[in-house]
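full-length UniProt numbering puts the first residue of the sequence shown at 1, with every later residue one more than the last.
The C-beta atom is built at its ideal place from N, Cα and C for all residues, glycine as well.
These notes are about the structure you will find just below.
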Amino acid sequence: MPNGELIAVKKLWKTKRDKESVDSFAAEIQILGHIRHRNIVRLLGYCSNKSVKLLLYNYIPN
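Printed below as a string of structure tokens:
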């Protein structure tokens with residue numbers, strides 16, 4: 001991030017079952033975008049184009 005904060009990125013590639021992939025991506029954004037719980041990593045945002053979709057999360061070290 002511009003401020004030096006570490007984030008985790010989940011990369012989803014386009015598949016042959018694109019409709020299923022789009023639905024899954026949208027569901028993950030919808031659900032995780034609203035959940036605030038100490039045991040669930042917070043979704044910060046997302047990016048998408050024709051070939052790849054990215055979900056951006058808070059980075060939680062092991």
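I'd like the span of the beta strand (DSSP E) that includes residue i, first residue to last.
{"i": "Ala-50", "result": "Residue identity differs from the one stated: residue 50 is Lys in this sequence, not Ala. Careful: Lys-50 lies outside any beta strand (DSSP E) and carries neither H nor E."}
{"i": "Lys-10", "result": "7-13"}
Apart from the five residues on each side of it in sequence, which residues of its chain come closer than 8 Å, Cβ to Cβ, to residue i?
{"i": "Ile-29", "result": "Leu-43, Tyr-46, Leu-55"}
{"i": "Val-9", "result": "Leu-54, Leu-55, Leu-56, Tyr-57"}
For residue i, which residues in the same chain have their Cβ closer than 6 Å to its Cβ, ignoring the five residues on either side in sequence?
{"i": "Val-41", "result": "Tyr-57, Asn-58, Ile-60"}
{"i": "Leu-32", "result": "Leu-43"}
Would you report the Cα separation of residue i and residue j, rounded to the nearest angstrom?
{"i": "Val-22", "j": "Pro-2", "result": "29 Å"}
{"i": "Ala-27", "j": "His-34", "result": "11 Å"}
{"i": "Leu-6", "j": "Arg-36", "result": "19 Å"}
{"i": "Asn-39", "j": "Asn-62", "result": "13 Å"}
For the candidate residues the options, whose alpha-carbon lies nearest to that of residue i?
{"i": "Ser-48", "options": "Arg-36, His-37, Lys-11", "result": "Lys-11"}
Assuming residue i and residue j form a contact by the criterion Cβ under 8 Å, report the distance between their Cβ atoms to the nearest whole angstrom.
{"i": "Val-52", "j": "Lys-19", "result": "That belief does not hold up - the Cβ atoms of Val-52 and Lys-19 are roughly 17 Å apart, past 8 Å."}
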